[in-house]
Amino acid sequence: ATFEEWRAELITQVAVAWVLSCVFVRFLEDNAIVAPPRISGALQGASHDAGLQRARDERETYFRAHPRETDRDYLLAVFDDLATLPGTKDVFGPHNPVSAYRNWLSGDAAQKLIEFFQKIDTDGTGEIIHDFTDPGWDTRFLGDLYQDLSEAARKKYALLQTPVFVEEFILERTLEPAITKYGLVTGQKTNDKGQMRNDLFKMIDPACGSGHFLLGAFARILKHWRAKEPGGSNRELVNRALASVHGVDLNPYAVAIARFRLLLAAMRECSIARLQDSPAFAFNLACGDSLLHGAPGDQQQVLGFHELAHAYQSEDLPELQRILKPGRYHAVVANPPYITVKDKALNQAYRERYPEVCHRQYSLAVPFMQRLFGLACQGGFVGQITANSFMKREFGKKLVEGYLPNIDLTHVIDTSGAYIPGHGTPTVILFGRQREPVTATVRAVMGIRGEPATPPDPSKGLVWSAIVRQIDLVGSQSGFVSVSDASRGYFERHPWSIGGGGAAELKAMLDQAAEKPLGDVV
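Numbered according to the working numbering, the sequence shown terminates at residue 504, and the numbering increases by one at each position without gaps.
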């Protein structure tokens, strides 16, 4: 990247960090998780200690004691106070980009930021506009915020939320069978860093974004622990569930959101209503490039040369090295970025680390596929939703013919016809296990017809419902998908055609009978 590009990206990251930090505080204030409010609060109906006027009083009191300081100093004081609490020391402490660029925001800009959060709807309710009150502490909106704050960041990091129904579908077919096979294990002892020992069940999302898969996995693992030890200490069970969950993302404010969301989920499961009563929960989260650290083609990893060369300022190298050790996870899930790499040096770095699969104008879906299986332990379960472009475009040839035949691909599900919000790119869901293939077939859910209209509830769309209903019914066919156990050899040749209703079978017959493959003449 050029200096100008680096500078623009840094400015965006720090600006977003300031806004997000204020949003975190506002969520805590409106839900009485911290008191008194210091940025804003409800105008009407709130007690004297919880409303907007109390927040204004707190600010005025601060400036009486610090008359030479600005609103930037005031916001920093708010963040610093939260960083002293065990529960939020990682959210507002050194992991937060604000801590590294404390003087970046001007006092006037900080004032505008506070005024924004105190803005009142004078034409409607007469109440504060930005109200974050939620009895269920639902933080999924933070994912929308992280996706939409910066168009440049959205394009660079391919920010795209995984809908709940897709997340649940993938976890159901990766995490759940992994727990059944490997068990939760009783890794109750901790090492000197407070992390569970390596005998505990582990899952990872190496492209975790704002943490949707992590939150879903945490809830499921905790449910299993409670069923296993119904009389156990609730806080201990929460800690064990957290210790099983791991996430990495290149985007620092995505990781900040994931950390904040996991904190609130852990507090709620422990029935902790106030932040001052929260312990220092341990989160296995790190900011960094999952494709670089601990990657298979990094021959100098043992000496750390490549690791250090690709450790950005926002990255936590020791945590990345710990979390991204290959072959240690029982379940690996992801919605990886689908974009092509514009930066020439980074593009080449990925090619060097993933020579088995990176080919021509590859998209990130290709090296991520190898990375996901590489993170899984022997026999580990892997699931992802990814772009289907590798199936037909030339860059997918090495992946399909050179790499996939060596792993146990179990399911290929054509989701290109399903309505998945925000996913303009046609997608496919793949499931597999980190081992040599054990059967001669692969379960294929092949598309026949796309969604005829945008469904009001995407989780109940006609195509998606057909996929969920038919996936375990071999030989079934509806107006939208057909299901078969296809020959594994079919998925070891490029390109793929996963059109249902006999389309794929017809193509295979034509290819077998003709002198040239059909793809060579059309």
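The beta carbon of each residue, even a glycine, is placed where N, CA and C say it ideally should be.
Taking only three categories from DSSP, how would you classify residue i?
| i | result |
| --- | --- |
| A225 | helix |
| L95 | helix |
| L299 | helix |
| L131 | coil |
| Q459 | strand |
| L204 | helix |
| I152 | helix |
| H405 | coil |
| D511 | The chain is shown only over -17 to 504; residue 511 falls outside these bounds and no answer can be derived. |
| Y336 | coil |
| P110 | In the sequence as presented, Pro is not what sits at residue 110; that position holds Ile. Three-state DSSP puts I110 in a strand. |
| S253 | coil |
| T322 | strand |
| V237 | helix |
| H420 | Checking the sequence, you will find Val at residue 420 rather than His. In the structure shown, V420 sits in coil (DSSP, three-state: anything other than H, G, I, E or B). |
| D467 | strand |
| S192 | coil |
| G399 | coil |
| S345 | strand |
| G432 | coil |
| G567 | Given a span of -17 to 504 for the chain in the structure shown, any question on residue 567 remains unanswerable. |
| G276 | coil |
| G118 | coil |
| I15 | coil |
Can you name the start and end residues of the beta strand (DSSP E) that residue i belongs to?
| i | result |
| --- | --- |
| R425 | T423 to G429 |
| F413 | T409 to R415 |
| V364 | A358 to A369 |
| I186 | M185 to D187 |
| R78 | The question names Arg, but residue 78 is Asn in the sequence shown. From DSSP, N78 is part of no beta strand (DSSP E); its letter is neither H nor E. |
| V394 | D390 to D396 |
| L267 | N266 to C269 |
In terms of residue numbering, what span does the alpha helix (DSSP H) encompassing residue i cover?
| i | result |
| --- | --- |
| C4 | F(-15) to D12 |
| L64 | D53 to A65 |
| A313 | Run containing A313: none in the alpha helix (DSSP H); it sits in the beta strand (DSSP E), Y311 to A316. |
| Q452 | L444 to Q452 |
| P387 | It is not in any alpha helix (DSSP H) - P387 carries neither H nor E in the DSSP assignment. |
| E211 | Premise fails: E211 is in no alpha helix (DSSP H) and is neither H nor E. |
| I161 | L157 to Y164 |
| E474 | No alpha helix (DSSP H) contains E474, which DSSP labels as neither H nor E. |
| T43 | L34 to A47 |
How would you call residue i, buried or exposed, if buried means at least 16 neighbouring beta carbons within 10 angstroms?
| i | result |
| --- | --- |
| D126 | exposed |
| L2 | buried |
| E42 | exposed |
| D174 | Residue confidence for D174 is low, a pLDDT of 47 falling below 50, so the modelled location carries little weight; the figure read from the coordinates is stated next. Classification of D174: exposed, given that the 10 Å Cβ count is below 16. |
| A209 | exposed |
| D271 | buried |
| E97 | exposed |
| A189 | buried |
| G118 | exposed |
| L455 | exposed |
| F200 | buried |
| K101 | exposed |
| D181 | exposed |
| E(-14) | exposed |
| E418 | exposed |
| K163 | exposed |
| H48 | exposed |
| W478 | buried |
| Q343 | exposed |
Taking the CB atoms as reference points, tell me whether residue i and residue j lie closer together than 8 Å.
| i | j | result |
| --- | --- | --- |
| L391 | V424 | yes |
| F363 | H312 | yes |
| F195 | E149 | yes |
| R8 | F99 | yes |
| G323 | Y336 | As written in the sequence, residue 323 is Val, which differs from the Gly given in the question. Result no, Cβ atoms of V323 and Y336 do not sit closer than 8 Å. |
| G69 | F263 | yes |
| V314 | L357 | yes |
| G361 | R304 | no |
| L10 | L257 | yes |
| I480 | I411 | no |
| K374 | H341 | no |
| V339 | Q330 | no |
| N388 | T144 | no |
| W0 | V80 | yes |
| R470 | E383 | no |
| L354 | I321 | no |
| V465 | G429 | no |
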